[in-house]
Structures are given as structure tokens and as C-alpha cells.
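Undergrad: Supplied in C-alpha cells, the structure appears directly below.
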Amino acid sequence: MDDKKKLAERIISGLTNGENLSTVMLQVQLFVSLLDNDNLKRWLKSEQYGYPLDAVVPEYRHIGCGTLKANIMAGGGMGENFTIPTDVLPEHVQSLVSVVQFREAVSTLEAYTAPSPDNKRQMLKVSMPSSIYRYVDEVLDGDWHRTTEAWVIIPSQSVIGMLERIKSTLLDFIIKIKNELELDIDISSVGQEKINKIMNTTIYANAVHTGTGDMNVSNNNMVIGDDAHITISPDSKQQIQELVNQLNSLKSQLNIDEVEFTEYLDEIQKELDSKMPSPKILRQALRAIKGFGGIVTEKAIEFGLDQVIANIIV
-19 MDDKKKLAER IISGLTNGEN LSTVMLQVQL FVSLLDNDNL KRWLKSEQYG YPLDAVVPEY
41 RHIGCGTLKA NIMAGGGMGE NFTIPTDVLP EHVQSLVSVV QFREAVSTLE AYTAPSPDNK
101 RQMLKVSMPS SIYRYVDEVL DGDWHRTTEA WVIIPSQSVI GMLERIKSTL LDFIIKIKNE
161 LELDIDISSV GQEKINKIMN TTIYANAVHT GTGDMNVSNN NMVIGDDAHI TISPDSKQQI
221 QELVNQLNSL KSQLNIDEVE FTEYLDEIQK ELDSKMPSPK ILRQALRAIK GFGGIVTEKA
281 IEFGLDQVIA NIIV
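By the count of our numbering, the sequence shown reaches residue 294 at its end, each step adding exactly one.
Here it is as C-alpha cells:
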């Protein structure tokens, strides 16, 4: 039963010796199969094959956007590749164009960072949602015009940085698993709880790291940037409050660490009661609750936790 220990050590060696992340992930896949933890399996599948649109994307996969560009139709002609000043856009639009979630598989992210034939790093072109086009139109003066496409440019170097954050997060997780679990014995239910807790404090509890990257990156959802400039809408606060009330009413029936679960709920309630609640803290606490697994995750999904999280970043 020492396979888990040896695998953990091989993974740590691979992460610290510069192996491709997609290669290391194959060893992680075997390690995860031995741990037999459903939450960990879902996370690994998302890293290897890409995150579904309804899945929570860990914050280590968020990258700050670069220049906003647009193609503009005007006077029967087309103006291409205009640079749009973002500081004059409405605040909520600035938030939408400031940070991108990368849902792609690890192997795809590595492909984005490969040098071009002339050995130059590529720039990533990330399409923006059509909902922002009218705000771009308002920024530009002159006769009738209409935005037909908008995108941001991200240096591929930023994706390299993101891959390093994924490695660092995975390394932190494997080291903690190795140190806190007896990997030479079968993983008990208590061990599964520890795995979930370590996931909450490593994989799903990283701060946003922003970057400053011609491939198209599709299927990206936009997320908020600086929490200090964002307020939670009354509707979102009400949704979060209802979710907290529902989970509070169930906690005595759940077979979990009730103290830790209550701490997360109390943290959320404290933010809701404050004059300027932090979206970042709310998101992290809600995601941590979902990370408990089992009936907690089932009930959280039933109560609409994913939609609540999504509404926080609107």
C-alpha cells in the first residue's frame, strides 16, 4: 500500500524538476484514483479536459486582461483594430473586460505558450461578449458607427505565469496530502474529509493573480477585478442570505465537521452584514462550502449555489 507515497513523491519531483504539467497530470490521475475522492476526481477531470461552463473555475486560472480592441463599422466602411480606452467605460463593463477565466485543458494552455516559427511569443486574442458593444459605441465620437467585434489582448507570457500557478497550487496540495494523511493505509472517511479540507485551502482558496499574451480563446466567462471598487447588488445579497438560511437549517442533519461548516456560514453572514461586503471573500466561502462534498454539495447545488456565485460577479 505504499504506492500512494511513491506516487506523491514522483509528482513532487516532476513539479519541481520542470516536467510538462500535462505529463505530471497523468501521474496525478493515478494518484487520485488511489485516493478515490469524488471532489478530487472532478477537479482533475476539469484540469485535464477543460472546465464546463457551469463549473467553478479556481482563481489561479484568472488572468488580468491587456488592451481592449474593437472593429467598428462606420459610414459604409470598416475600421479595424481600434484601441478602446477602458477607463471611460462604465464600472461594471470595466470589470467584465478586466479579468478572464481560462477554462481550457492544461494541454491546451501549454500549446498557447509555444513559440511561433520565428521564435516569438504569441499574443492571445480573447473575444468579449456582444453585450459590451453598445458601451464601446458610446466611447467613440463622430457620426453613426457600430461595434462589430471586441476583444482583449493577453501576452502568452501571462499564460505561462498561470501554468506556474497551477503547478504551485498542485505542489502545495500534494505536499499537504503527503504530510497530513497516512498514505500507506487505506483512506478512511476521516481521510476523505481531510482531502476535501485540503482542497478548500489550496485549490479553491487562491487569491486572484493578474497579468498584464494571435490565437482565439473561446468559451470564457468574464469575472470581476478589484473588489475594492465593486458593490454587491441588493438582489445578490438577498440570494446569498436565503442560501445561508437554507444551509443553516440543515447543518444539524449533515454528517460533516459542523464547526468548520458553521465558520464558513458565519464568515458569509459577517460579510452580508457589513456595509461593504467583499465579493472575493463571499465567493471563496461559498466555494469552500460546495467543496465539502456529498450531501452538502448536493444541497448547495439544489439551493442554487452556482447561480448565486455567478450573480456575485455580475
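C-beta: ideal position from N, C-alpha, C; glycine also.
Determine the closest residue to MET103 out of GLN81, SER138 and ARG114, with distance taken between C-alpha atoms.
TA: Taking the first residue of the sequence shown as position 1, residue 103 is located at position 123. For the residues GLN81, SER138 and ARG114, the minimum Cα distance to MET103 belongs to SER138.
Undergrad: Buried or exposed: which applies to ASN(-3), given that a residue is buried once 16 or more other Cβ atoms fall within 10 Å of its Cβ?
TA: Looking up residue -3 in the sequence shown gives position 17. By the neighbour-count rule (16 or more Cβ atoms within 10 Å), ASN(-3) is not buried but exposed.
Undergrad: Please confirm whether ILE140 and THR93 have their CB atoms less than 7 angstroms apart.
TA: Locating residue 140 in the sequence shown gives position 160, counting from the first residue. Locating residue 93 in the sequence shown gives position 113, counting from the first residue. Yes, these two residues count as a Cβ contact at 7 angstroms.
Undergrad: Compare the C-alpha of GLU247 against each of ARG267, LYS(-15) and MET53 and name the closest.
TA: Here residue 247 refers to the residue found at position 267 of the sequence shown. Closest by alpha carbon: ARG267.
Undergrad: Tell me which residues share the same chain as LEU1 and place their Cβ nearer than 7 angstroms to its Cβ, disregarding the 5 neighbours each side in the sequence.
TA: By 1-based counting over the sequence shown, the position of residue 1 is 21. Excluding positions up to five away in sequence, the list reads VAL86, GLU90, LEU143, ILE146 and LYS147.
Undergrad: Report the residue from ALA265, ILE133 and LEU230 whose alpha carbon sits nearest the alpha carbon of GLU282.
TA: Reading the sequence shown from its first residue, position 302 is the one you call residue 282. Selected option, being the one with the closest Cα: LEU230.
Undergrad: Starting from ASN61 and walking both ways along the beta strand (DSSP E), at which residues does that stretch end?
TA: Here residue 61 corresponds to residue number 81 of the sequence shown, with the count starting at 1. 57 to 64 is the span of the beta strand (DSSP E), which, as asked, contains ASN61.
Undergrad: How far does the beta strand (DSSP E) with LYS(-15) in it reach, from first residue to last?
TA: Here residue -15 refers to the residue found at position 5 of the sequence shown. Here LYS(-15) belongs to no beta strand (DSSP E); instead the alpha helix (DSSP H) covers -17 to -4.
Undergrad: If you run the structure through DSSP and keep just helix, strand and coil, what is GLN314?
TA: The chain is shown only over -19 to 294; residue 314 falls outside these bounds and no answer can be derived.
Undergrad: With a threshold of 8 angstroms, are at least 3 pairs of Cβ atoms found where one atom belongs to the region 37 to 45 and the other to the region 71 to 81?
TA: The region 37 to 45 is in contact with the region 71 to 81.
Undergrad: Judging by CA-CA distance, which residue of LYS255, ILE64 and PRO135 is the nearest neighbour of ILE121?
TA: In the sequence shown, residue 121 corresponds to position 141, counting from 1. Strictly speaking, residue 121 in this sequence is Asp, with Ile absent from that position. Per the Cα distances, ILE64.
Undergrad: Residues bridged to HIS125 by DSSP?
TA: As a position in the sequence shown, residue 125 is number 145, starting the count at 1. For HIS125, which the question treats as bridged, DSSP gives the partners ALA54.
Undergrad: Can you check which of these residues, ASP123, LYS(-14) and LEU24, is closest to TYR184 by C-alpha distance?
TA: Sequence index remark: in the sequence shown, residue 184 carries index 204 (1-based). Checked all of ASP123, LYS(-14) and LEU24; the closest Cα to TYR184 is LEU24.
Undergrad: What residues match up with TRP131 in a beta bridge as DSSP calls it?
TA: Position 151 of the sequence shown holds residue 131. Its beta-bridge partners are LYS49 and SER107.
Undergrad: Which whole-angstrom value is the C-beta distance of ILE133 and THR47, which I expect to be below 8 angstroms?
TA: Position 153 of the sequence shown, counted from the start, is the residue given in the question as residue 133. Position 67 of the sequence shown, counted from the start, is the residue given in the question as residue 47. Their Cβ separation, rounded to whole angstroms, is 5 angstroms, which keeps ILE133 and THR47 in contact under 8 angstroms.
Undergrad: Excluding the 5 residues preceding and the 5 following ASP123 in the sequence, name in chain order all residues of the same chain whose CB lies nearer than 7 angstroms to its CB.
TA: Here residue 123 refers to the residue found at position 143 when the sequence shown is read from its first residue. ALA54 and GLY55, listed in sequence order.
Undergrad: Determine the burial state of GLY171: buried for a count of at least 16 other Cβ atoms within 10 Å of its Cβ, exposed for fewer.
TA: Along the sequence shown, read from residue 1 onward, the residue named residue 171 stands at position 191. Result: buried.
Undergrad: Within this structure, are the beta carbons of LEU15 and VAL4 separated by less than 7 angstroms?
TA: For the purposes of this step, residue 15 is identified with residue 35 of the sequence shown, where counting begins at 1. For the purposes of this step, residue 4 is identified with residue 24 of the sequence shown, where counting begins at 1. Not in contact: LEU15 and VAL4 (Cβ atoms no closer than 7 angstroms).
Undergrad: With C-beta atoms as the reference, is VAL116 less than 7 angstroms away from THR127?
TA: Against the sequence shown, residue 116 aligns to sequence position 136. Against the sequence shown, residue 127 aligns to sequence position 147. Cβ distance < 7 angstroms, so VAL116 and THR127 count as in contact.
Undergrad: List the endpoints of the continuous beta strand (DSSP E) containing ILE43.
TA: In the sequence shown, counting from the first residue as 1, residue 43 sits at position 63. ILE43 -> beta strand (DSSP E) spans 42 to 44.
Undergrad: Let's see if you can read the secondary structure: which residues bound the alpha helix (DSSP H) around VAL79?
TA: In the sequence shown, the residue the question calls residue 79 occupies position 99. Where VAL79 is concerned, there is no enclosing alpha helix (DSSP H), although the beta strand (DSSP E) it sits in stretches over 79 to 81.
Undergrad: Can you tell which of VAL68, ASN180, VAL288 and ALA280 has its C-alpha closest to the C-alpha of ILE220?
TA: For the purposes of this step, residue 220 is taken as residue 240 along the sequence shown, with counting starting at 1. Among VAL68, ASN180, VAL288 and ALA280, the Cα nearest to that of ILE220 is on VAL288.
Undergrad: Work out the CA separation of VAL37 and ASN51 for me, nearest whole Å.
TA: Reading the sequence shown from its first residue, position 71 is the one you call residue 51. Reading the sequence shown from its first residue, position 57 is the one you call residue 37. Near 30 angstroms, if we compare the C-alpha coordinates of VAL37 and ASN51.
Undergrad: Among GLN233, SER26 and VAL119, which has the Cα closest to the Cα of ASP67?
TA: For this step, residue 67 is matched to residue 87 along the sequence shown. Residue VAL119 is the option with its Cα nearest to ASP67.
Undergrad: Taking the alpha helix (DSSP H) that ILE261 falls in, what are its first and last residues?
TA: On the sequence shown, position 281 is the one that residue 261 refers to. Start and end: 259 to 270.
Undergrad: Consult DSSP for GLU(-1) and reduce its assignment to one of helix, strand or coil.
TA: For the purposes of this step, residue -1 is taken as residue 19 along the sequence shown, with counting starting at 1. Residue state, collapsed to three classes: coil.
Undergrad: Got a sec, what are the start and stop residues for the alpha helix (DSSP H) ALA91 sits in?
TA: The residue you call residue 91 lines up with position 111 of the sequence shown. Element bounds for ALA91: 86 to 92.
Undergrad: Return the chain-ordered list of same chain residues with a C-beta closer than 7 angstroms to the C-beta of ILE(-9), the five sequence neighbours on each side being excluded.
TA: In the sequence shown, the residue the question calls residue -9 occupies position 11. Same-chain partners within the cutoff: VAL4, GLN7, VAL8, PHE11 and ILE154.
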